[in-house]
Every structure is written in C-alpha cells, then in structure tokens.
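Engineer: Below is a structure I'd like to ask you about.
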Amino acid sequence: MISLAIDGALFNYRVAGVAIVDGKVLLHKTPSDKFWSLPGGRASLFEFSKDTLIREMQEETGMDVEVGEMLWISENFFVYNDIKHHELGFYYQMEIPSLKDQNDFIGVEGDGELFFKWHSVAEISQIKLYPEFLAAELAQNPLRVKQFSSGFINLDQA
Numbered sequence: 001m002i003s004l005a006i007d008g009a010l011f012n013y014r015v016a017g018v019a020i021v022d023g024k025v026l027l028h029k030t031p032s033d034k035f036w037s038l039p040g041g042r043a044s045l046f047e048f049s050k051d052t053l054i055r056e057m058q059e060e061t062g063m064d065v066e067v068g069e070m071l072w073i074s075e076n077f078f079v080y081n082d083i084k085h086h087e088l089g090f091y092y093q094m095e096i097p098s099l100k101d102q103n104d105f106i107g108v109e110g111d112g113e114l115f116f117k118w119h120s121v122a123e124i125s126q127i128k129l130y131p132e133f134l135a136a137e138l139a140q141n142p143l144r145v146k147q148f149s150s151g152f153i154n155l156d157q158a
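Letter 15 of the sequence shown, counting from 1, is numbered 15 in UniProt numbering, and no numbers are missing.
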C-alpha cells in the first residue's frame, strides 16, 4: 500500500467511493473513531486508482462495485492517532449493482472491523465527516467536480 513514513509523519495515497442511493450515502468508521468517512482505502504501487476502489470494497465489504467518474481530488493534512498525515485522495462516483438493502453492516479492515452505515444526505451536516469538504459537496445535486486542499485538522480531538 502506498503509505510512506517520513520524519515521524505519514503520506497516504487514498481512493474513496461515493455511493448515493435513495438520498443516502454510504459511510464507514472504525469502532474507536468519532467521525465518519467515505469507504475506500490506500492504493497499491502500480495499481490504477479505480482498481484500488474495486479491490478495497471487495476486501472490506465483499461487494462488487462499479466505479464511475472522478468527482474530487483532495490534498488533506491531519493528525490521526497522534501522527501527522499528508493525504492525497481521489474520490469517485460508485455504484453497487447487487445492493439488496441499506441496512447497517460490519466490514473488515485487516484484523479489525469497520462499521458501515447509510446516512441521509439531507442530514449529513449533523455528523462528523472527514475530510471536512465532504458535507458541503455531498449536499450538492448534482455533485460537482472539484479539487480541495485543507490545513491541519486533529482527528484525535474530533
């Protein structure tokens, strides 16, 4: 996975998917996190970003997805688990053709769990969602293509 430790900090190259169905968006979090994020994960070396999203969704949820157009590119700086992160994120439209329902479910992240939940887009501003630009962008209809940069945010204090 493309994640480089440099001088006590971490660089991540992350790909995430935006699945909106019936006015709800799929989000996930670890059991210890106090915030939500879009599902996805880190790219592998020489892996196309769309393929990263397909692989990560299969590994974490067992679901096959179809990756659409890129929506956003984000350069994001934050502190997580007391480590400074520099993250380059690619965000794609994502379809889940075999979706049967929008019930909450548990996925896997390595040896740990991820909690997946469909959140109402209309109420998305009422939850903690990172990166911060996502709440405003998910409320747009239709979604707009943009590039974002943010300063440091301490997710350990979220």
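All residues carry an ideal CB built from backbone N, CA and C; glycine is no exception.
1) Return the first residue and the last residue of the beta strand (DSSP E) that glutamate 113 is part of.
2) Considering Cα atoms alone, identify which of Ile96, Met63, Glu47, Gly62 is closest to alanine 19.
3) Closer than 8 Å by C-beta to valine 108: which residues in its own chain qualify, once you throw out the five before and the five after it? Chain order, please.
4) Just how far apart, CA to CA, sit alanine 136 and glutamine 126?
5) Note down the Cα distance separating glutamate 87 from glutamine 157, rounded to an integer number of angstroms.
6) Serine 149 bridges to which residues according to DSSP?
7) Quick one: is valine 65 buried, meaning 16 or more other Cβ sit within 10 Å of its Cβ, or exposed?
8) When the distance is taken between beta carbons, is phenylalanine 116 closer than 9 Å to leucine 27?
9) Considering only residues of the UniProt domain "Nudix hydrolase" (1-143), which uninterrupted beta strand (DSSP E) runs meet the minimum length of 3 residues and lie entirely inside it, listed in chain order?
10) Go ahead and label phenylalanine 152 buried or exposed: buried means 16 or more other beta carbons lie within 10 angstroms of its beta carbon, across all protein chains shown.
11) Is the distance from the Cβ of glycine 40 to the Cβ of methionine 57 below 9 Å?
12) Between valine 145 and valine 25, how many whole angstroms is the CB-CB distance? I'm expecting something under 8 Å.
Structural biologist: Concretely, from the data shown:
1) 112-120 is the span of the beta strand (DSSP E), which, as asked, contains glutamate 113.
2) The residue with the shortest Cα to Cα distance from alanine 19 is Ile96.
3) Leaving aside the five residues that flank valine 108 on each side, the residues in its chain whose CB is nearer than 8 Å to its CB run, in chain order, Glu59, Glu60, Leu114.
4) Straight-line Cα distance between these residues: approximately 11 Å.
5) One C-alpha to the other measures close to 18 Å.
6) Bridge pairing for serine 149: Glu75 [DSSP].
7) A residue is called buried when at least 16 other Cβ atoms come within 10 angstroms of its Cβ; valine 65 meets this threshold and is buried.
8) Leucine 27 places its beta carbon less than 9 Å from that of phenylalanine 116.
9) As far as the UniProt domain "Nudix hydrolase" (1-143) is concerned, its whole beta strand (DSSP E) runs of at least 3 residues are 3-6, 9-18, 24-29, 40-42, 66-80, 83-95, 105-109, 112-120.
10) With fewer than 16 other Cβ atoms within 10 Å, it is exposed.
11) Yes, these two residues count as a Cβ contact at 9 Å.
12) Contact flag wrong, Cβ pair sits at about 17 Å.
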